[in-house]
Every structure is written in structure tokens, then in C-alpha cells.
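Student: Below you will find the structure I want to go over with you.
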Amino acid sequence: MTFLWFLSCFTLVGAAFGCGVPAIQPVLSGLSRIVNGEDAIPGSWPWQVSLQDSTGFHFCGGSLISEDWVVTAAHCGVRTSHLVVAGEFDQGSDEENVQVLKIAKVFKNPKFNMLTVRNDITLLKLANKTPDKLQQAALPLLSNAECKTFWGSKISDVMVCAGASGVSSCKGDSGGPLVCRKDESWTLVGIVSWGSSTCSTSTPGVYARVTELIPWVQKILAAN
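Structure follows, in C-alpha cells:
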């Protein structure tokens, strides 16, 4: 089964190939639908990973933020028995040179609330450093005021919304990245959190706002 990823937004930091600057540049055609979206160029989103169980079933996405750390959504319920798969473009292919990585520790944000889905972030410490087809879609960011016209008081400062213009998050996207481009570099701004139960493309998807959660991320990384 093809799994979907949210990759770009229209609030499109910069150097030679490095953090946020893929060696293989992605190609975005605009507002393609994330449900039945367009195939990505293999290797153009190198920081993205698939979270899988022992049978190889993909249940959530994530983002590499260093050689041995992955960020994902807290509601994914990741355990150390799960696996991080890097370099996978097509889940239906056995020919890909993927890396299957074990998880040493799971750090769920202690402020995460399943009822309000606030602070929906988890950090995964990998046991070793890192030495169906991936899809992508471009989508616009919404202000929180605009988002509240859809979701009301459910929206808080630790959330950011995107979509509602023919694109939508859906099952299997959870934990994956929302990244924005400035110049030639991409920055992680959101983590797929929640949205329409029917994957409606006229309703914005809701993401954990990474900028509001950076202090907790830095605290965990510094201590581990």
C-alpha cells in the first residue's frame, strides 16, 4: 500500500548540501492532491523515514534531525520494538537499498494530551547512527485564526494548520514532516498530528508546531 507524506508548504534555512539541503533536489508541481498525490524523486527527501512494526507494516512517518535522532508524533505510540526504515521510496519493491534501524529509547513529550492532541511530539534515539512509492504534495499554510474557523477551540499555539485547498492529510501520514522552503534549504515546521476523519481535502490538516516544541527537543538531546 502506498503511504503518503506531507513535504512542502507555500511559505517557502541555506548553504551547500547539508541539513535541509538534499543532494537530489525535489520537484514539486504545485497543489497536487496528497490523497493520490504525485511520486517523489527517489532520494530527494533524505530525512524522511518510515516507522514499521516487526512485520514491515508502515504505521507512521518521521524525520531524521541528526545521525541518531528521529522526531515523530506522540500519538503514534512508538515502542522500542518498532523499526525505523530509512531510504525507502517504494514499499512494493525489494530492490531498494534501505537501512533498517533499531530504536534504543523513546522520549514522549510528558505534556502530550491524547484528548486535545497538544504537544504531539516524540523523539526516538536510534541504537546506531545512520550512515508502495513515496509521495509528495505542496500545500498552503493557514494562520491559526483561519484554522479556528474550521476547528474552533481545538486549535492551540502548539499547532499549525495547512491545506484546505484540495489537499489533506490521511491515515498513515501521522508523524511525517511538514517542511517549508526558503532559498535552497528546507526546514521542519510541523509534524502530522490530526485532521478530518474522512481525509476531507476541504478541511485543513493539523500539525504539531515544531518551533513551540524546540526547547523540549533541545533538553532531551542535550541529556542523551
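Letter by letter, the sequence shown follows residues -15 to -1, 1 to 209 in mature numbering (1 follows the signal peptide of the UniProt record, and there is no 0).
Every residue gets a Cβ at the ideal spot worked out from N, C-alpha and C, and that includes glycine.
(1) If the criterion is Cβ atoms closer than 8 Å, does the pair I176 and A193 meet it?
(2) As a quick exercise: from C165, T40 and Q84, pick the residue whose alpha carbon is nearest that of V34.
(3) Quick one: using the 10 Å Cβ neighbour count with 16 as the cut-off for buried, is L100 buried or exposed?
(4) Cβ of W54 within 8 Å of Cβ of L108?
(5) Does the beta-carbon distance from L173 to S48 come in below 8 Å?
(6) According to the neighbour-count rule (16 or more other Cβ atoms, all chains shown, within 10 Å of its Cβ), is S159 buried or exposed?
(7) Do V69 and L111 come within 8 Å of each other at the CB atom, strictly closer than that value?
(8) Can you give the Cα-Cα distance for K114 and L126, rounded to whole angstroms?
(9) Pull up the CB-CB distance for L36 and H60, whole angstroms please, since I reckon it's below 8 Å.
(10) Checking the sheet assignment: what are the DSSP bridge partners for K90?
(11) For L86, collect the residues of the same chain with a Cβ closer than 6 Å to its Cβ; drop the 5 residues on either side in sequence, then sort them by chain order.
Tutor: Put simply:
(1) yes
(2) It is Q84 whose Cα lies nearest to the Cα of V34.
(3) Per the 10 Å Cβ criterion, exposed.
(4) yes
(5) yes
(6) Buried.
(7) yes
(8) 33 Å
(9) Here L36 is actually not in contact with H60; their C-beta atoms are around 12 Å apart, not less than 8 Å.
(10) K110
(11) V69 and L111
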